[in-house]
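Below is one structure, written out as structure tokens; comments come after it.
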Amino acid sequence: MRRRIFASLYCIAGLLLATSASAAPVSPVGLEIWVDGVYGGNYNQTALGCVPGTGDWFVCSGSGLVVGDLTLNSWNMSFDVDPVVTGIVAVTNNNLISSQQYTLLFTLPTGPIGPSTLSGGSVQGGVTDNTGDGATLSTAGAGTAFYKGLIDGASAPARTLYPEFASYSAGAFLSNNVPSAAFGTPIPSLPSPAVVANIGIMLDFILTPGDSASFTSNFVVVVPEPSTALTLGLGLIGLAIAGRRRSE
-1 MRRRIFASLY CIAGLLLATS ASAAPVSPVG LEIWVDGVYG GNYNQTALGC
49 VPGTGDWFVC SGSGLVVGDL TLNSWNMSFD VDPVVTGIVA VTNNNLISSQ
99 QYTLLFTLPT GPIGPSTLSG GSVQGGVTDN TGDGATLSTA GAGTAFYKGL
149 IDGASAPART LYPEFASYSA GAFLSNNVPS AAFGTPIPSL PSPAVVANIG
199 IMLDFILTPG DSASFTSNFV VVVPEPSTAL TLGLGLIGLA IAGRRRSE
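Given below as structure tokens:
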């Protein structure tokens, strides 16, 4: 298994460098599902059809998983122990009367990574009308988002894309796209906290009766390379010196 051993930061008054290596997963990947806020279960690597891929990658793919009114038509998720979570999931709301809120949480155990990290992620998607009366894919209101990149679940601030009141509609028997959105570009470049145990992607959305939606998403977390940490540390020193000169 390849390991990324990088230097990380830093102290303005003395540029302290520390090193850390990413660890292999300590337990299997999992998918948790909620339907209208009701917990629908946790699906392990066997249920998700996970198999080893090339190098440190493993791939989870399958179709036809039914949880309440939700059908996961298909999923093809890749996980890298470095760590990276990426892939495609397509779903259908089988309730022909009511819109439903669906929450999907893919989690990759990692072990400790740090003492600081860089992260990045992206999401794009689509909505399709299957019933002839139009389809709408929307967020579930304040505090929600189509996408959340998570470090240690809720213990660290989530990185969100398409938050709160995003909504996309399609006409009768038509489809519409959710355009690509990203953070930490070039991925990964957003300063983030250390990882204690896991990273994950949460997809959270409301889908109209009988209709389908899909998302392609990824989340990447790495320890900064020595050159990145050094550049950032020197930049902080420069800002401190400039500020002191302005105050003199």
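For what it's worth, this note's numbering labels the leading residue of the sequence shown as -1, then goes sequentially.
In this text, a Cβ means the ideal position worked out from N, Cα and C, and glycines have one as well.
Small disclaimer: the values here were computed from a predicted structure and weren't measured.
Tell me which same chain residues have a C-beta within less than 6 Å of the C-beta of residue i, skipping the five on either side of it?
{"i": "Pro123", "result": "Per the sequence shown, the amino acid found at residue 123 is Gly instead of Pro. The answer, listed in chain order, is Val176, Ser212 and Phe213."}
{"i": "Gln99", "result": "Asp34, Ala138 and Ile204"}
{"i": "Gly85", "result": "Asn74, Met75 and Ser76"}
Buried or exposed: where does residue i fall if 16 or more other Cβ atoms within 10 Å of its Cβ makes it buried?
{"i": "Gly118", "result": "buried"}
{"i": "Pro107", "result": "buried"}
{"i": "Asn40", "result": "exposed"}
{"i": "Thr52", "result": "exposed"}
{"i": "Ile95", "result": "exposed"}
{"i": "Ala88", "result": "buried"}
To which residues of the same chain is residue i closer than 7 Å at the C-beta, ignoring the five residues directly before and after it?
{"i": "Ser61", "result": "Asn71 and Ser72"}
{"i": "Val193", "result": "Thr108, Pro110, Ile111, Gly112, Thr115, Ile149, Asp150 and Val219"}
{"i": "Gly66", "result": "Val33 and Gly38"}
{"i": "Ala133", "result": "Val125, Thr126, Asp127, Ser167, Ala168, Thr206 and Asp209"}
In the structure shown, what three-state DSSP assignment does residue i receive?
{"i": "Ser97", "result": "coil"}
{"i": "Gly53", "result": "coil"}
{"i": "Ala152", "result": "helix"}
{"i": "Val83", "result": "strand"}
{"i": "Pro107", "result": "strand"}
{"i": "Ala248", "result": "What the structure shows of the chain is the stretch from -1 to 246, and residue 248 is not part of that stretch, so it cannot be assessed."}
{"i": "Thr142", "result": "coil"}
{"i": "Phe171", "result": "coil"}
{"i": "Pro222", "result": "coil"}
{"i": "Leu135", "result": "strand"}
{"i": "Asn40", "result": "strand"}
{"i": "Thr90", "result": "strand"}
Got a sec, what are the start and stop residues for the beta strand (DSSP E) residue i sits in?
{"i": "Gln122", "result": "Ile111 to Thr126"}
{"i": "Glu30", "result": "Gly28 to Val33"}
For residue i, which residues of its own chain have a beta-carbon under 8 Å away from its beta-carbon, when the five flanking residues on both sides are left out?
{"i": "Glu162", "result": "Thr137, Gly139, Ala140, Gly141, Thr142 and Ala143"}
{"i": "Gly47", "result": "Cys58, Ser59 and Gly60"}
Cβ of residue i within 7 Å of any heavy atom in the ligand SAM?
{"i": "Ser178", "result": "Within the structure as shown, the ligand SAM is missing, as the structure has no ligands at all."}
Could you confirm whether any beta carbon from chain C is found closer than 8 Å to the beta carbon of residue i?
{"i": "Phe217", "result": "Within the model displayed, chain C is absent; a lone protein chain is all it includes."}
Ordered list of alpha helix (DSSP H) runs contained in the stretch 187 to 211, each at least 4 residues: Listed in chain order, there is nothing to give.
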